[in-house]
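K.L.:
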Amino acid sequence: MNLNTKRFVSGILFVSFFVYSIVIYTVGTRVDKGAGSITDATKKGKLLFQEKNCIACHQLYGLGGYMGPDLTNVMSAPDKGPIFVRSILQYGTERMPNFHLTETEIDELMSFLNYADKTGVSPVKKFEINYDGTVNWKGKDEKGN
Ligand code: HEC
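Going by the numbering used here, the first residue of the sequence shown is number 937, and it counts up by one from there.
Printed below as a string of structure tokens:
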């Protein structure tokens, strides 16, 4: 390969790198983060979630403990949803402790879980990977999970 060909190839690689980076950091990562839905209750709910160590048993966005189910999409799951979540938080189950939460605390936790639901899908395999390595935001699968 002569010098001009090498320069040409390096030039192409250099330009491709920049174009690819720009696409990845703009269009490729454009996802509705649900930022509009963050309220004071959501923030308090997040703190409660940390304080009560829910993540020790549950996962959010696929990460966390594995004793209980993933909570990312529990608020919009057709067979679960807000009424189901409220009753679990209020009374616990045989396997999940009752945290004796107040009504306000339950509302705050549910607001945080709603936020998680809007900002992520778990398990991640519901995403589609495009030919250029970017990920398609599918939101929900056919069943609405
Ligand atoms: C000691 C472990 C543990 C902790 C801590 C815990 N959970 Fe759970 N949770 C469970 C288990 C286990 C289940 C499954 C309940 C069952 O099948 O009886 C569950 C179920 C749930 C469900 C229903 C999920 C579904 O898809 O069916 C919700 C919602 C939930 N937990 C929320 C929370 C929140 C919020 C916290 C923190 C305040 C929390 N949990 C803390 C163990 C835990």
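Where a beta carbon is used, it is the ideal one built from N, C-alpha and C, also for glycine.
What did DSSP end up calling E1039 once you bin it into helix, strand or coil?
P.N.:
If DSSP states are grouped into helix, strand and coil, E1039 belongs with the helices.
K.L.:
If D976 and T1008 are in contact, beta carbons under 8 Å, what's the gap, nearest whole angstrom?
P.N.:
Not confirmed; about 22 Å, so no contact.
K.L.:
Does the Cβ-Cβ distance between T1055 and V963 come in under 9 Å?
P.N.:
No; because the gap between Cβ atoms is not below 9 Å, this pair is not in contact.
K.L.:
Could you check whether the Cβ of H1036 sits closer than 8 Å to any heavy atom belonging to the ligand HEC?
P.N.:
Every heavy atom of the ligand HEC is 8 Å or more from the Cβ of H1036, so no.
K.L.:
Report the CB separation of F985 from F1035 in whole angstroms; it is logged as a contact under 8 Å.
P.N.:
Incorrect: roughly 11 Å between the Cβ atoms, too far for contact.
K.L.:
Quick check: the Cα distance between C993 and M1032, rounded to an integer number of angstroms?
P.N.:
Distance between the alpha carbons of C993 and M1032 is about 9 Å.
K.L.:
Going by the DSSP bridge assignment, what does I1065 pair with across the sheet?
P.N.:
Per DSSP, V1071.
K.L.:
Please confirm whether L996 and L1025 have their CB atoms less than 9 Å apart.
P.N.:
No, Cβ-Cβ distance for L996 and L1025 is not below 9 Å.
K.L.:
Starting from T978, trace the alpha helix (DSSP H) in both directions and tell me its first and last residue.
P.N.:
Taken as a continuous stretch (DSSP letters only), the alpha helix (DSSP H) holding T978 covers D976 to E987.
K.L.:
Determine the contact status of N1050 and S973, defining contact as a CB-CB distance below 9 Å.
P.N.:
Cβ atoms of N1050 and S973: closer than 9 Å.
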